[in-house]
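A short write-up of the structure that comes next.
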Amino acid sequence: MLTLSDKHSWYALLALTLSSALIAETTRPEWGLMLFVCVTVALKGLLVIDNLMGLRHAHVGVRRPMRLYFAVLTLLIALAMLFPEPLARLTTL
Amino acid sequence: MTIAVQPEIYDYSIDDRTPGSIAVWILIYAELTEFALFFLVYLITRAHNPEVFSAGPTQLNTAAGIANTLVLITSSFCMARAMAAIRRNNPQRCMHWLWLTLACAATYCGIKGWEYLWNGAHDIYTRKNLYFTLYYYLTFNHLLHVLMGMVIISWMLFRTRLGSYSATDHEGLENGACYWHMIDLVWIIIFPLIYVLG
Chain L
129 MLTLSDKHSW
139 YALLALTLSS
149 ALIAETTRPE
159 WGLMLFVCVT
169 VALKGLLVID
179 NLMGLRHAHV
189 GVRRPMRLYF
199 AVLTLLIALA
209 MLFPEPLARL
219 TTL
Chain C
3 MTIAVQPEIY
13 DYSIDDRTPG
23 SIAVWILIYA
33 ELTEFALFFL
43 VYLITRAHNP
53 EVFSAGPTQL
63 NTAAGIANTL
73 VLITSSFCMA
83 RAMAAIRRNN
93 PQRCMHWLWL
103 TLACAATYCG
113 IKGWEYLWNG
123 AHDIYTRKNL
133 YFTLYYYLTF
143 NHLLHVLMGM
153 VIISWMLFRT
163 RLGSYSATDH
173 EGLENGACYW
183 HMIDLVWIII
193 FPLIYVLG
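And the structure:
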C-alpha cells in the first residue's frame, strides 16, 4: 500500500511522469526501459487510487478491482510490448 | 487574536468508508472496461503492424502529451483537496479547489486542441495509418470524457455555491470526484502507451 499525503502523491506523480517523458524524448525504449515505463504506470495508478481518489480505506470490493485493473493492464501492455510476434500469431484469423 | 489554521491534509483513516455511490462505481467500471477494450485493440493492432507503431510516436508532439499529463495529475490533486475541504465543512475552500480543477480541465482541452491543429499542420490525420487512427480514436474519446467531467465539475460548483453539501452530506461531490479521478487514471495509461512506447 502506497501511503502518502495528497501533496506528496502529487509530487511523486509529477516525478514519475517526467521520468517517462525523459525516456520519450531521448531514446527509443528497449525492453528494460519498456518495463520501467510499465512499472511507473502501475505506480502512478496506485498513487491516484489510494491517495487522491481516497480508496485506501474503502470497501475491498471497490478498492481491489481498481488496483487489479492497473496491475493486469500494465502486465498485458508489458507482455504485448516485449512479445509482439506471439501475440500476432495468437490473434491471426 | 488567535487565528485557527485548518490543516490542508485530510486523514482518510478517520473516515473509513468508500467514497461515492454504487451507481457511480458501476459507471466507472463500465467506462474502465470500455477503455480496456480499446487498449487491447491497440496492442493487438500494434503486434500486427510493428513498423507503423514504432514510427508513430516520433511524429507526435510529445511535449503536448507531457503537458497534458502534468495538467491532469494536478487536476486530480486539486480535486482531492476539494474533497478534503468539504469533509472539514469548508465549502468556500472546496469551491476554490473545484475552480482550480476546472481550470486544469480547460487547460487540458486547450492543449489538446492545439495539438490537433499542430498535427494538421504536420500532415497527421485520422486515416494516415492505423497508428494515427487509434491515436485519434483514443485521445478524442478521452477528450469527450474530459468535457463531460467539466460539465459535472460545473454542476458540483453550482451545488456547493447553493450550500447543498456539508461535512456529513456530500455524496454528490464524491461521485463527481471519483468520475474525475477515473478520467485521470485512463490518461495515465494512454500517455505512455501512445506517446512513449508506441
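Chains as they are written, first to last, in the working numbering: chain L, 129 to 221; chain C, 3 to 200.
Glycine is no exception: its CB is placed at the ideal position from the N, C-alpha and C atoms.
Could you list which residues in chain L have their beta carbon closer than 9 Å to that of residue i, in chain order?
i	result
His50 (chain C)	Pro212, Leu215, Ala216, Thr219, Thr220
Met158 (chain C)	Going along chain L, no residue has its Cβ under 9 Å from Met158 (chain C), so there is no contact; the nearest lies around 16 Å.
Met97 (chain C)	Within chain L, no residue comes near Met97 (chain C); the closest Cβ sits about 18 Å away, beyond 9 Å.
Thr162 (chain C)	Correct list: empty, because the minimum Cβ distance to chain L is about 18 Å.
For residue i, which residues of its own chain have a beta-carbon under 7 Å away from its beta-carbon, when the five flanking residues on both sides are left out?
i	result
Leu180 (chain L)	Asp134, Ser137
Arg195 (chain L)	Leu174, Ile177
Thr64 (chain C)	Tyr197
Ser168 (chain C)	Asn91
Gly200 (chain C)	Phe55, Ser56, Gly58, Pro59
Val148 (chain C)	Ala107, Tyr110, Cys111, Ile185
Leu144 (chain L)	Thr168, Leu171, Lys172
Ser23 (chain C)	Glu173, Asn177
Ile5 (chain C)	Any reading at Ile5 (chain C) must be qualified, since the residue scores a pLDDT of 48, below 50, and its modelled position is unreliable; the value itself is stated next. Once the five neighbours on either side are set aside, Ile5 (chain C) has no close Cβ partner at all.
Using a Cβ-Cβ cutoff of less than 6 Å, which residues in the same chain neighbour residue i once the five nearest sequence positions on both sides are dropped?
i	result
Val169 (chain L)	Thr202
Leu141 (chain L)	Lys172, Leu175
Leu145 (chain C)	Lys114
Ala179 (chain C)	Met81, Met85
Trp159 (chain L)	Leu210
Thr141 (chain C)	none
Ile46 (chain C)	none
Glu117 (chain C)	Asn63, Ala66
Asn70 (chain C)	Tyr110, Ile113
Tyr44 (chain C)	Leu136
List, in order along the chain, the chain C residues whose C-beta lies closer than 8 Å to that of residue i?
i	result
Leu201 (chain L)	Ala38, Phe41, Ile191
Gly173 (chain L)	Leu187, Ile190, Ile191
Ala143 (chain L)	Going along chain C, no residue has its Cβ under 8 Å from Ala143 (chain L), so there is no contact; the nearest lies around 10 Å.
Leu196 (chain L)	Near Leu196 (chain L) there are no residues of chain C at all, since even the closest Cβ is about 11 Å away, more than 8 Å.
Residue i touches chain C at which residues, Cβ-Cβ below 9 Å?
i	result
Glu153 (chain L)	Thr64, Ala65, Ile68
So which residues on chain L does residue i lean against when the C-beta distance must stay under 8 Å?
i	result
Cys180 (chain C)	Met181
Ile155 (chain C)	Chain L residues near Ile155 (chain C): none, gap ~15 Å exceeds 8 Å.
Trp27 (chain C)	Val190
Met85 (chain C)	Gly182
Pro21 (chain C)	Met181, Gly182, Leu183, Ala186
Identify the contact partners of residue i in chain L, using a Cβ-Cβ distance below 7 Å as the criterion.
i	result
Arg90 (chain C)	Result: empty, since nearest Cβ-Cβ is about 13 Å, beyond 7 Å.
Pro194 (chain C)	Ser148, Val165, Val169
Ile46 (chain C)	Leu215, Thr219
Leu72 (chain C)	Leu142, Thr145
Ser78 (chain C)	Val176, Leu180
Leu34 (chain C)	Tyr197
His183 (chain C)	Val176, Leu180, Met181
Given residue i, which residues of its chain have a CB within under 8 Å of its CB, disregarding the five upstream and five downstream residues?
i	result
Leu207 (chain L)	Leu215
Ala25 (chain C)	Asn177
Met162 (chain L)	Ala206, Met209, Leu210
Thr131 (chain L)	Asp178, Asn179, Arg184
Cys106 (chain C)	Val73, Leu74, Thr76, Ser77, Cys80
Thr219 (chain L)	none
Whose Cβ in chain C lies nearer than 7 Å to the Cβ of residue i?
i	result
Leu132 (chain L)	Within 7 Å Cβ-Cβ: nothing; Leu132 (chain L) doesn't reach chain C, min ~10 Å.
Sufficient close CB pairs (3 or more, under 8 Å) joining the stretch 125-135 of chain C to the stretch 52-68 of chain C: The answer is yes - the stretch 52-68 of chain C touches the stretch 125-135 of chain C, with three or more Cβ pairs under 8 Å.
Contact between the stretch 149-162 of chain C and the stretch 29-44 of chain C (3+ Cβ pairs under 8 Å): With a cut-off of 8 Å, the stretch 29-44 of chain C and the stretch 149-162 of chain C do not count as touching, because too few Cβ pairs lie within range.
At least 3 beta-carbon pairs within less than 8 Å: the stretch 180-198 of chain C vs the stretch 73-81 of chain C: Touching, yes, given that three or more Cβ pairs across the two stretches are closer than 8 Å.
Touch test, the stretch 101-109 of chain C against the stretch 166-178 of chain C, Cβ-Cβ under 8 Å, three pairs minimum: Not touching, per the Cβ criterion.
Ranges of the alpha helix (DSSP H) found wholly within the stretch 86-161 of chain C, counting only runs of at least 4: List check, alpha helix (DSSP H) in window: 93-123.
Within the stretch 130-164 of chain L, ranges of the alpha helix (DSSP H) (whole runs, at least 4 residues): Counting whole runs of 4 or more residues, the stretch 130-164 of chain L contains the alpha helix (DSSP H) stretches 134-154.
Unbroken stretches of the alpha helix (DSSP H), 4 residues or longer, contained in the stretch 35-96 of chain C: List check, alpha helix (DSSP H) in window: 52-61, 64-89.
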